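Colleague: Protein sequence lines, in the order shown, are assigned to chains A and B. Residues in the first sequence are numbered from 53 upward in steps of one, following the numbering used here. Residues in the second sequence are numbered from 313 upward in steps of one, following the numbering used here. All C-beta atoms, glycine included, are put in the ideal place defined by N, C-alpha and C. Small disclaimer: the values here were computed from a predicted structure and weren't measured. So that we are looking at the same thing, I have put the structure below in structure tokens.
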Amino acid sequence: MDLQLSPQHLEFRDQLRSWLSTNMRRPWREELRDPAATEDGLMNFRRAWQKKLYEAGYLGMDWPKEWGGRGAGEVEKSIFEEEMARADAPPILNTLGIGLLGPALIHHGSEDQRRRFIPPMLAGDEIWCQGFSEPGAGSDLAALRTSARIDGDHFVLNGQKIWTTFGPWADWIFVLARTDSKDRYGGISFILTKLDTPGVSVRPLRQITGESEFGEVFFEDARVPRVNLVGQIGEGWRIAMTVLAYERGAMSLAASVRFGRDLEALASACKEYGRTGAAVREKLARLLVENEVMRANGIRTLANFADGKSPGPESSIEKIYWSEFDKRFRDTALDILGPGGQLLRTSPDARHDVDWAREFLWSRAGTIYSGSSEIQRNIISKRVLNLPQDAR
Amino acid sequence: MKFELSDDQALLRSSTRDFLTSEFPLEKSRGVMEHSKEGYDPSEWRRLAEMGYLGLVLPARVGGQGLGAVELAVVLEEMGRMCLPGPFLDVILAASALAAGGKHEALVGEIVAGKKIVTLAHHDAPYAGTAGRALAVTNGRVKGTKYFVPFAASADALVVTGSDGLALVEGPFTVTALSTIDLAQRFGDVAFEHQVTPIGPLALLDRVDRLAAVGASAMLLGIMTRSLEMTLEYVQTRQAFKRPIGAFQALQHRLADMLLKTESTRSAVYRAAWCLDTDDANAALACATAKAYAGDAARLVCGETIQMHGGIGFTWELDVQLFFKRAKTLEQHYGSTEVQLERALAAAGY
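Next up, the structure:
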């Protein structure tokens, strides 16, 4: 057992740290708080920031160099996420392209597709969104009905996707569509579609926070070239499962760094407001302990990566842990802060350390997206505990 | 970087499991718990010494192996799995305090050899007095009472927390034996009117307290792991409504949460042990975290174990009750959850 980073990983971390301190204008929370910030402006800012990271060689960390990656490993990727969190660096814009589609192309794409799509994905020149969920297919994703009919060299897409993150800002969407209506899993294909294709339209949806980060995407006889099929016809489900495993990937360490910073702000606020009674102290302590356990989970995953082990279905444990903790943390923070915790960042009297109200609302998303907590528990029951197929 | 145990550590785990399975199976331990006065089998105690377990973390100069908290956690996790009764952790903590003081090496040697039982006496009240250090020591004499002293009736000497530091008190003692829900660990109240020899300042206990936190949470980890295993076996066997009850989602999701708590405890315990061994700056916070989390997690896992077993889970006969009770003792001793939460806040500077 050895939980210390190797000398070369430490060197990588130190270089990254100094790169971030030189190249970051200011912490992300300050960008968000800027009275001049608009939703569009922030998206553009993230796009430019992503380009900078790409040019410095920090994106596509574990992807082969021939496709524009750095050719490093999961450990460097994890260190990158942790340092980004530590510095409160702005998030990149193309999280879904790099986080999900990239691995799909590397595992299942053609050589042409990798060369065509990966470099602009990394550079932020083409932003991707994910066309999985539908109004009638969320947790039961295989119930999806968007269809792709083959017509010569094209697919003809009809249907609707929903909760499509970055839909309103994306250039492309990767779509799970039905190429066979009778085969539940084997009738699904994975198709890359340009959002300005005639017959494709995007409508923003207003979220619980008031923002419109996600939207709906409609397909009405949209013609997509067959070369945009990833893998084979009917391989879409298998590819989607690869992708979702990446989406749930190792987040604990970076998450504990972010939560840790906000926790420290909360602890300072408690001192500032004289909230030092036993009831408040216990709440604070329990959050601290739970966050430290998350950090330990993250260190364990990182050490397993360094030891050449990739996480299997146990990554569902990490997903449940951080997302459920997020809700408890934000709820408790508002309890402790009192009514002031609900102030919008633009309001008089709003605190400048953390946008507590927005975080409180956002925390409701994590236990729903990329496989709800209930789906994660199903995965653990079946694939880790080997329990029988469930009866409800 | 590697979370898995080293080859030597893995060997320690497998050999400990084999040793405990053959010499301390739960059927036998249950007999000891229910029928022995001491709460452990003194004739078997020497076996732990012969196998080197008592000196695991003590220096070679007193006959120990000089291993670290990770190795101690490995052994205690295995002892937790077997619900092993006896003063193993208590004796190791007292010996560590004595070794840290550096004044009683001959005694430490006798402890390591299994010839003497020494434990820590630090509770100044039976209720709500978890970390009191109020006992007065004047002119080399101690007068007063310590409560909930582990295995007091078997102790040859006690390490006592007093007003001016840690002191060693030699027996015999006047002990009022206590009976608690947990038969695997015996306690007694000790009325002192004894000569003492100083060991050192109370600060010597800082590291011992961390070792206690790691050790107790490692035992809790073993208890949870075994409880979850027993529950998984049961839900796949027990039939209701014409199917194994493990097929019901109402149980599956709770079993998934039991695994989450158990594995998260594993991450926290071994990280804390590693931090302690490497004098990592996060050691204080990591140790407090492991113990505070493990106590809560074990309560949930052992409680769900009873619930999922149904009526049989509430019986004396079934072993799950032993783990449930053991978990409660470990949660409240070795720095209760409340104490650990305070330590965590202090370590974080909150």
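Could you tell me whether any Cβ in chain A is nearer than 9 Å to the Cβ of glutamate 389 of chain B?
Modeller: If you number the second sequence from 1, residue 389 of chain B lands on position 77. No, its Cβ sits nowhere closer than 9 Å to a Cβ of chain A.
Colleague: Counting only the same chain and skipping the five closest in sequence on each side, list residues whose C-beta sits under 6 Å from that of leucine 388 of chain B.
Modeller: Here residue 388 of chain B corresponds to residue number 76 of the second sequence, with the count starting at 1. Answer for leucine 388 of chain B: Gly527, Ala530 and Met531, listed in chain order.
Colleague: Given that a residue counts as buried once 16 or more other Cβ atoms are within 10 Å of its Cβ, and exposed if not, what is alanine 469 of chain B?
Modeller: Here residue 469 of chain B corresponds to residue number 157 of the second sequence, with the count starting at 1. Looking at its Cβ environment, which holds 16 or more other Cβ atoms inside 10 Å, alanine 469 of chain B is buried.
Colleague: Could you give the C-beta distance for tyrosine 373 of chain A and asparagine 349 of chain A, rounded to a whole number, given that I count them as a contact under 8 Å?
Modeller: Working through the first sequence from its first residue, we reach residue 373 of chain A at position 321. Working through the first sequence from its first residue, we reach residue 349 of chain A at position 297. That pair is a contact at about 6 Å.
Colleague: Jot down the residue ranges of each uninterrupted alpha helix (DSSP H) in the segment 579 to 648 of chain B, minimum 4 residues, whole runs only, in chain order.
Modeller: Runs of the alpha helix (DSSP H) inside the segment 579 to 648 of chain B: 595 to 621 and 632 to 644.
Colleague: Spell out a yes or no on whether the segment 429 to 436 of chain B and the segment 360 to 367 of chain B are touching, meaning 3 or more CB-CB pairs, one atom from each, closer than 8 Å.
Modeller: Contact between the segment 429 to 436 of chain B and the segment 360 to 367 of chain B is absent, because fewer than three Cβ pairs lie under 8 Å.
Colleague: With three or more C-beta pairs closer than 8 Å as the rule, is the segment 373 to 385 of chain A touching the segment 407 to 415 of chain A?
Modeller: Touching, yes.
Colleague: Can you list the residues of chain B that tyrosine 373 of chain A reaches, using a CB-CB cut of under 7 Å?
Modeller: Working through the first sequence from its first residue, we reach residue 373 of chain A at position 321. Correct list: Leu572 and Ser576.
Colleague: Spell out whether any CB of chain B is found under 9 Å from the CB atom of valine 406 of chain A.
Modeller: The sequence position of residue 406 of chain A within the first sequence is 354, counting from 1. It does not; no Cβ of chain B falls within 9 Å.
Colleague: Verify whether the separation of the beta carbon atoms of alanine 229 of chain A and leucine 247 of chain A is less than 9 Å.
Modeller: For the purposes of this step, residue 229 of chain A is taken as the residue at position 177 of the first sequence. For the purposes of this step, residue 247 of chain A is taken as the residue at position 195 of the first sequence. Result no, Cβ atoms of alanine 229 of chain A and leucine 247 of chain A do not sit closer than 9 Å.
Colleague: Using a C-beta to C-beta distance shorter than 7 Å, which residues of chain B count as neighbours of glutamate 334 of chain A?
Modeller: Mapped onto the first sequence, residue 334 of chain A falls at position 282. Leu653, listed in chain order.
Colleague: Would you list the one or two residues that DSSP bridges to leucine 308 of chain B?
Modeller: No answer is possible for residue 308 of chain B: the residues shown for chain B start at 313 and end at 662.
Colleague: Comparing C-alpha positions only, which one of B:Asp569, B:Ser579, B:Gly661 and B:Glu545 sits nearest to histidine 621 of chain B?
Modeller: On the second sequence, residue 621 of chain B is found 309 positions in, with the first residue counted as 1. If we check each option's Cα against that of histidine 621 of chain B, B:Glu545 comes out closest.
Colleague: For the beta strand (DSSP E) containing isoleucine 225 of chain A, list its first residue and its last residue.
Modeller: Position 173 of the first sequence, counting from 1, holds the residue named residue 225 of chain A. Element bounds for isoleucine 225 of chain A: 224 to 230.
Colleague: I want to verify the contact list: residues of chain A whose CB lies under 7 Å from the CB of alanine 604 of chain B, in sequence order.
Modeller: Along the second sequence, one-based indexing puts residue 604 of chain B at 292. In chain order: Val341.
Colleague: How big is the Cα-Cα spacing for valine 279 of chain A and arginine 168 of chain A?
Modeller: Translated into positions along the first sequence, residue 279 of chain A becomes position 227. Translated into positions along the first sequence, residue 168 of chain A becomes position 116. Near 12 Å, if we compare the C-alpha coordinates of arginine 168 of chain A and valine 279 of chain A.
Colleague: Under 9 Å between C-beta atoms, does isoleucine 420 of chain A make it to chain B?
Modeller: Reading the first sequence from its first residue, position 368 is the one you call residue 420 of chain A. Not closer than 9 Å to any Cβ of chain B, the Cβ of isoleucine 420 of chain A fails to qualify, so no.
Colleague: Using a Cβ-Cβ distance under 9 Å, would glutamine 548 of chain B count as near chain A?
Modeller: For the purposes of this step, residue 548 of chain B is taken as the residue at position 236 of the second sequence. Yes, glutamine 548 of chain B lies at the interface with chain A (some Cβ there is under 9 Å from its Cβ).
Colleague: With a Cβ-Cβ cutoff of 9 Å, do glycine 615 of chain B and glycine 392 of chain B count as a contact?
Modeller: Taking the second sequence and counting its residues from 1, one reaches residue 615 of chain B at position 303. Taking the second sequence and counting its residues from 1, one reaches residue 392 of chain B at position 80. No, Cβ-Cβ distance for glycine 615 of chain B and glycine 392 of chain B is not below 9 Å.
Colleague: Can you tell me where the alpha helix (DSSP H) with tyrosine 373 of chain A in it begins and where it stops?
Modeller: Walking along the first sequence from the start, residue 373 of chain A turns up at place 321. Segment 367 to 389, the alpha helix (DSSP H) holding tyrosine 373 of chain A.
Colleague: Can you check whether the C-beta of arginine 65 of chain A is within less than 9 Å of a C-beta belonging to chain B?
Modeller: Counted from its first residue, the first sequence places residue 65 of chain A at position 13. No, because no Cβ of chain B sits closer than 9 Å to the Cβ of arginine 65 of chain A.
Colleague: Can you find at least 3 beta carbon pairs, one from the segment 588 to 597 of chain B and one from the segment 381 to 395 of chain A, that sit closer than 8 Å?
Modeller: Result no; under three Cβ-Cβ pairs closer than 8 Å.
Colleague: Less than 6 Å between C-beta atoms, sequence neighbours within five positions excluded: which residues of the same chain meet that for alanine 585 of chain B?
Modeller: Along the second sequence, read from residue 1 onward, the residue named residue 585 of chain B stands at position 273. Cβ neighbours of alanine 585 of chain B beyond the five flanking positions: Ala381, Val382, Ala385 and Val526.
Colleague: Proline 143 of chain A: buried (16+ other C-beta within 10 angstroms of its C-beta) or exposed?
Modeller: For the purposes of this step, residue 143 of chain A is taken as residue 91 along the first sequence, with counting starting at 1. With fewer than 16 Cβ atoms within 10 Å of its Cβ, proline 143 of chain A is classed as exposed.
Colleague: Please work out which residues of its chain come closer than 7 Å, Cβ to Cβ, to tryptophan 52 of chain A, disregarding the five sequence neighbours upstream and downstream, and give them in chain order.
Modeller: Absent from the structure is residue 52 of chain A, since the part of chain A shown begins at 53 and ends at 444.
Colleague: Hey, arginine 655 of chain B and alanine 596 of chain B are a contact pair by Cβ (cut 8 Å); roughly how many whole angstroms apart?
Modeller: Here residue 655 of chain B refers to the residue found at position 343 of the second sequence. Here residue 596 of chain B refers to the residue found at position 284 of the second sequence. Rounded, the Cβ-Cβ distance is 7 Å, consistent with contact.
Colleague: Three-state secondary structure (DSSP) at phenylalanine 218 of chain A?
Modeller: In the first sequence, residue 218 of chain A corresponds to position 166, counting from 1. If DSSP states are grouped into helix, strand and coil, phenylalanine 218 of chain A belongs with coil.
Colleague: Going by the beta-carbon positions, is the gap between alanine 639 of chain B and methionine 536 of chain B smaller than 9 Å?
Modeller: Numbered from 1 along the second sequence, position 327 holds the residue referred to as residue 639 of chain B. Numbered from 1 along the second sequence, position 224 holds the residue referred to as residue 536 of chain B. The answer is yes: Cβ separation under 9 Å.
Colleague: Give me the Cα-Cα distance between methionine 665 of chain B and glutamate 339 of chain B, rounded to the nearest whole angstrom.
Modeller: Residue 665 of chain B is absent from the structure shown; chain B starts at 313 and stops at 662.
Colleague: Name, please, each residue of chain A whose Cβ falls closer than 8 Å to the Cβ of serine 579 of chain B.
Modeller: Translated into positions along the second sequence, residue 579 of chain B becomes position 267. Those within 8 Å of serine 579 of chain B in chain A are Val345, Ala348, Asn349, Ile351 and Arg352.
Colleague: At what residue ranges does the segment 62 to 127 of chain A contain a whole run of the alpha helix (DSSP H), taking only runs of 4 or more?
Modeller: Listed in chain order, they are 80 to 85 and 91 to 107.
Colleague: Buried or exposed for tyrosine 237 of chain A, please, with buried defined as at least 16 other CB atoms from any protein chain shown within 10 angstroms of its CB.
Modeller: For the purposes of this step, residue 237 of chain A is taken as residue 185 along the first sequence, with counting starting at 1. Its Cβ having fewer than 16 others within 10 Å, tyrosine 237 of chain A is exposed.
Colleague: Could you spell out where the beta strand (DSSP E) holding leucine 244 of chain A opens and where it closes?
Modeller: Locating residue 244 of chain A in the first sequence gives position 192, counting from the first residue. Looking at the DSSP string, the run of the beta strand (DSSP E) that includes leucine 244 of chain A is 240 to 246.
Colleague: Spatial neighbours of valine 547 of chain B within its chain, please: CB distance less than 8 Å, with the 5 preceding and 5 following residues excluded, ordered by chain position.
Modeller: Counting from one through the second sequence, the residue named residue 547 of chain B turns up at place 235. Excluding positions up to five away in sequence, the list reads Pro556, Ile557, Gly558, Leu563, Leu567 and Met620.
Colleague: Give the residues of chain B in contact with proline 440 of chain A, contact being defined as C-beta atoms less than 8 Å apart.
Modeller: Taking the first sequence and counting its residues from 1, the one referred to as residue 440 of chain A is at position 388. Residues of chain B passing the Cβ test: Gln548, Arg555, Pro556, Gly558 and Ala559.
Colleague: Mind reading off the beta-carbon distance from alanine 361 of chain B to glycine 426 of chain B? Whole number of angstroms is fine, and I expect it under 8 Å.
Modeller: For this step, residue 361 of chain B is matched to residue 49 along the second sequence. For this step, residue 426 of chain B is matched to residue 114 along the second sequence. With 8 Å as the limit, alanine 361 of chain B and glycine 426 of chain B qualify as a contact, their Cβ atoms being about 3 Å apart.
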